[in-house]
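Below is one structure; the comments refer to it alone.
Chains as they are written, first to last, in the working numbering: chain A, 1 to 708; chain B, 709 to 793.
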């Protein structure tokens, strides 16, 4: 196996063909080996291998494998380290891009989002695939022709100087870092689930796997590891869905048949909305919310009443000589009562919102097949809800698509192909491999929902399947069930489920052996690790190649540049792990923010740089700043967490533009960026002749001047 | 650097095909998305716009990219700007 990762500078046809043949052979054996490994574990499980061992074996085997590829691909050569020697065939670059692209959010979270929000969740499915049309048509072939190492490289050359390059570095680091924190957080979650380690320990174990790989071999190691990771993650995603599909419909192609299950869900939703038991649960939540609201009207009186009630209960228990456990619980409850009026107000408000949010039909989920909330033919309010929801749906798709086409760690991958032609083919393969997972996710969501609605709802509480108890133990925030109306039967409204466990729990929901759960967790780990690898490399390269080599010391020898990149990689990885270990509350928001930032900073400047020769240095610099600034301003004034960070106090309603939510701030940043680039470029001098010739140069795969 | 008429023709054809494919992309994504509530007829079990969002649009995106790569690789050769291997 080592042979294929050896450095070889030969580029003639025969050796390329031999290289491809060797790759095919190695990865065919690898995929077969992985399946055999899973089968052996499955047999071992039947023979009594404990579950915790299976989790450990999966973790060690996969992380060990990635590390092994990293060690075999170690390099200090700059072209190998930064762009894998530019000889990655289109097909394999497609797989590597697929793994690079599909993060913990795609693998773990996306199907869960569709489960919870129905049609609204499809914004992520469309946004994260349709963006590749922009990559293919506007960027990838031209970037490959330009043929340097990083995105700031392009900005520096096309826009004549270090100012645009420097802004590019800042932008690349800003979006990659927010994104990598989320990946490492995902790694920690899965490792904890697989092994039972503490969350912080889990983070650092996963980090080891990431570092061995990218540290030793840079882009070369990352590329070949990502191919391996793609194979694991796609198998792990498909197996449980196909199983559920066979179980429910008898057809092993879930993507083709889930429409019929969706029709059944729509019927079932109508029953559930009318079901008297469900209505009973909703009314109880409504009463609780109303009670909390009443307390808010007179906080001091409510505090006194709460205190009196708790004291009375304690006294009663003590007087009745109740068991020590009950007395302790009552003492604790008394001690936990809010001490100050402010605390009490906060607690009552929280209780009010929490209960109100559960006092909704279908546990707060919209009907799965309903497009947008509200009603276009209803009263003014319903029409307004409909319009706003639709506008936000389209705005989110726009931001995710443009952001996809501007994330530096993805664009960088197209530098690694041998030619412009292969770069184009490579985007096709990339989207194909991404498509396989993305068009399965909506099917997974529907099949799981069918299972929950038809099998789970109506089950007596003492007969609920084991996975519910297991997941509730991992973290009640992920899954909790309580018999609200005390009828001993499970109602939909009595479960609170987080989107993040839908995919991880699918094997258990379908009744598959534990080994499949282990495999799915390993798939999620592969998704998170591969994306983290690519992102860390982007950040380290921006600092070492663009900042140090291009701006500070242009005479630095190659070996030193690679060494600096490697050391920076460790520092950045540790910094990201430290942030992730704090469990920042708004991690999902951070990920989406990275897309809006990338869209507003890079997309206008890169596309205009290729398609409009007149775009110049000042236009580009100010355009990037304006785009990023607008996006940042909108988020800072409308997103609750950022408002807290920056101390914004003006009411949110005053700062919202056309009802667009902060997640889609790029909707404003992108056009502002484009307009500023155009206006400023036209007001200042055109770029030099050599720069305009560079633009001509990237537009043609091979100009062949003098012979045409 | 002096570009020939053939080069300009190549670039104009490229812009044209890019514009056509982007128009398809726009319709599939934003026009279908905008009229999602109205495009609610049943399509093999799915409401049509739900199928488009979860599967149809994705298939069309794949085809767009595949067609562009094929078209441009041919155009390169026709206009003699392809890479020699």
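Every residue gets a Cβ at the ideal spot worked out from N, C-alpha and C, and that includes glycine.
The alpha carbon of residue 450 of chain A has as its nearest neighbour, out of A:516, A:369 and A:373, the alpha carbon of A:369. Closest by C-alpha distance to residue 254 of chain A, out of A:592, A:166, A:439 and A:378, is A:439.
Between residue 186 of chain A and residue 528 of chain A, the gap from beta carbon to beta carbon is short of 7 angstroms. DSSP places residue 497 of chain A in the uninterrupted beta strand (DSSP E) bounded by 495-497. Counting only unbroken stretches of 4 or more residues, the alpha helix (DSSP H) elements lying wholly within the segment 488-533 of chain A are 502-509, in sequence order. Excluding five sequence positions before and after residue 327 of chain A, the CB atoms of its chain that fall closer than 8 angstroms to its own CB belong to 314, 317 and 318, given in chain order. Taking CB atoms only, residue 425 of chain A has a neighbour in chain B less than 7 angstroms away. Cβ-Cβ separation between residue 240 of chain A and residue 506 of chain A: approximately 4 angstroms, consistent with a contact (criterion under 8 angstroms). Close partners of residue 721 of chain B in chain A (Cβ separation under 9 angstroms) are lacking, with about 12 angstroms as the shortest Cβ gap. Using a 10 angstroms sphere on the CB of residue 641 of chain A, the tally of other CB atoms stays under 16, which defines it as exposed. Closest in C-alpha terms to residue 512 of chain A, from the list A:24, A:151, A:247 and A:148, comes A:247. Residue 600 of chain A is not a Cβ neighbour of residue 659 of chain A, given a cutoff of 7 angstroms.
At a cut-off of 7 angstroms between C-beta atoms, residue 791 of chain B counts as an interface residue with respect to chain A. Runs of the alpha helix (DSSP H) lying entirely within the segment 617-678 of chain A and spanning at least 4 residues, in chain order: 617-638, 640-646 and 652-655. Fewer than three beta-carbon pairs drawn from the segment 689-700 of chain A and the segment 734-742 of chain B are found closer than 8 angstroms, and the two stretches are therefore not classed as touching.
At a beta-carbon threshold of 9 angstroms, the residues of chain B lying near residue 702 of chain A are 784, 788, 789, 790, 791 and 792, ordered along the chain. For residue 251 of chain A, no beta strand (DSSP E) segment is defined, and its DSSP state is neither H nor E.
The Cβ of residue 97 of chain A sits no closer than 7 angstroms to any Cβ of chain B. Residue 481 of chain A: member of the beta strand (DSSP E) spanning 479-481, first to last residue. The segment 181-197 of chain A makes no contact with the segment 542-560 of chain A: fewer than 3 CB pairs, one atom from each, lie closer than 8 angstroms. By the C-beta density criterion, residue 128 of chain A is buried, having at least 16 other C-beta atoms within 10 angstroms. Contact of residue 132 of chain A with chain B by beta-carbon distance below 7 angstroms involves 769 and 773. Secondary structure note for residue 401 of chain A: its alpha helix (DSSP H) is the uninterrupted segment 380-404. For residue 146 of chain A against residue 154 of chain A, the beta-carbon gap comes to about 6 angstroms, under 8 angstroms, which counts as contact. Note that the segment 416-436 of chain A touches the segment 85-104 of chain A; at least 3 beta-carbon pairs, one per stretch, sit closer than 8 angstroms.
Annotation: residue 770 of chain B to residue 138 of chain A spans about 15 angstroms, alpha carbon to alpha carbon. Using beta-carbon distances, residue 126 of chain A counts as an interface residue toward chain B, with a partner under 7 angstroms. Of all alpha-carbon atoms in A:413, A:690, A:44 and A:50, the one lying nearest the alpha-carbon of residue 226 of chain A is that of A:413. Under the three-state reduction of DSSP, residue 223 of chain A is assigned to helix. Taking 7 angstroms as the cut-off between beta carbons, the residues of the segment 722-747 of chain B near chain A are 726, 729, 730, 733, 737, 738, 741, 742, 744 and 745, in sequence order.
Unbroken beta strand (DSSP E) runs of no fewer than 3 residues, entirely contained in the segment 30-116 of chain A, are not found. For residue 726 of chain B, the secondary structure class from DSSP, reduced to helix, strand or coil, is helix. Counting along the chain, residue 143 of chain A sits inside the alpha helix (DSSP H) bounded by residues 140-146.
Close partners of residue 187 of chain A in chain B (Cβ separation under 7 angstroms) are lacking, with about 28 angstroms as the shortest Cβ gap. As summarised for the segment 149-225 of chain A, the continuous alpha helix (DSSP H) elements at least 4 residues long and confined to that stretch are 151-158 and 162-195, given in chain order. Identification of residues in the segment 690-701 of chain A having a C-beta nearer than 7 angstroms to some C-beta of chain B yields 693, 696, 699, 700 and 701, given in sequence order.
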